[in-house]
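Heads up: take any position in the sequence shown, counting from 1, add 989, and you land on the numbering used here.
By construction, the Cβ of each residue, glycine as well, lies at the ideal position given by its N, Cα and C atoms.
Input: a single structure, listed below in structure tokens.
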Amino acid sequence: MSESQTNPAVRTVTSTQSEMTEIILPNDTNTLGSLLGGRLMHFIDLTAAMAAYRLSRANVVTAAMDHIDFIRPVRLGDLLTLRSSVNRAFNTSMEVGVKVWAENTRTGEVAHVASAYLVFVAVDERGRLQKVPQVQPETPDEVRRYEGALRRREHREAENSLRKQAKQISAALQEAASR
Ligand SMILES: CC(C)(COP(=O)(O)OP(=O)(O)OC[C@H]1O[C@@H](n2cnc3c(N)ncnc32)[C@H](O)[C@@H]1OP(=O)(O)O)[C@@H](O)C(=O)NCCC(=O)NCCS
990 MSESQTNPAV
1000 RTVTSTQSEM
1010 TEIILPNDTN
1020 TLGSLLGGRL
1030 MHFIDLTAAM
1040 AAYRLSRANV
1050 VTAAMDHIDF
1060 IRPVRLGDLL
1070 TLRSSVNRAF
1080 NTSMEVGVKV
1090 WAENTRTGEV
1100 AHVASAYLVF
1110 VAVDERGRLQ
1120 KVPQVQPETP
1130 DEVRRYEGAL
1140 RRREHREAEN
1150 SLRKQAKQIS
1160 AALQEAASR
């Protein structure tokens, strides 16, 4: 029996998997008939939140969305499918991966159009941080994503601390210049 079956504080990646399909309508597109980047980010945020809710069974807020590559345009009338799952849970935060495909409804061609990693944090009704259950990876792909999530977290923490230092230096320079 796996740990996720015996320990309720541990859940499988599969139990967090979520999917959303949208048809791309004129309101979603720019003047060239391509899906707006901001609209795609909105769909990504929603699909990722579904996986975070399924893991935490709590309120979740988006803490970060990593770099996104828009690999190819999504056209008016395409069917957009987004799939998400929690890669790894930490203390109160969890990393969710989202992969997006577009299907041309006339030819049936399906193409990978974007991928993203997001971090969600579980909070209660007053915004206080909540501990989340751990994730037990089961397949080789899930183990790869689980290990990658720790590296990405370390990378985010290093970037955040560099940004904080840059802010402090800039504030100190401004103060010195104003004297
Ligand atoms: C996300 C938020 C709850 C974190 O609160 P905080 O007081 O800064 O919390 P802490 O610094 O103690 O960190 C708590 C957790 O969040 C993670 N976290 C905080 N900021 C983060 C960031 N920028 N990127 C990734 N993770 C982050 C920490 O790593 C920590 O994770 P852990 O408990 O698993 O180790 C808070 O910054 C917030 O409410 N932000 C606004 C969220 C929002 O409005 N999102 C858009 C709408 S949903």
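### Sequence-distant residues of its chain with Cβ nearer than 8 Å to residue 1044 (five each side left out)
1000, 1004, 1005, 1075, 1078, 1083, 1121, 1122 and 1124
### Run of the beta strand (DSSP E) containing residue 1012, from where it starts to where it stops
1007-1012
### Task
From the DSSP output, in three-state form, read off residue 1086 for me.
strand
### For residue 1051, three-class secondary structure by DSSP
strand
### From 1088, 1085 and 1018, residue whose alpha carbon lies closest to that of residue 1062
1018
### Message
How far does the alpha helix (DSSP H) with residue 1040 in it extend, from its first residue to its last?
### Response
1026-1045
### Query
Among the residues of its own chain, which have a CB less than 6 Å from the CB of residue 1065, if the five just before and after it don't count?
1013, 1018 and 1022
### Query
Can we count residue 1145 as close to ligand 1, meaning its CB is less than 6 Å from some heavy atom?
yes
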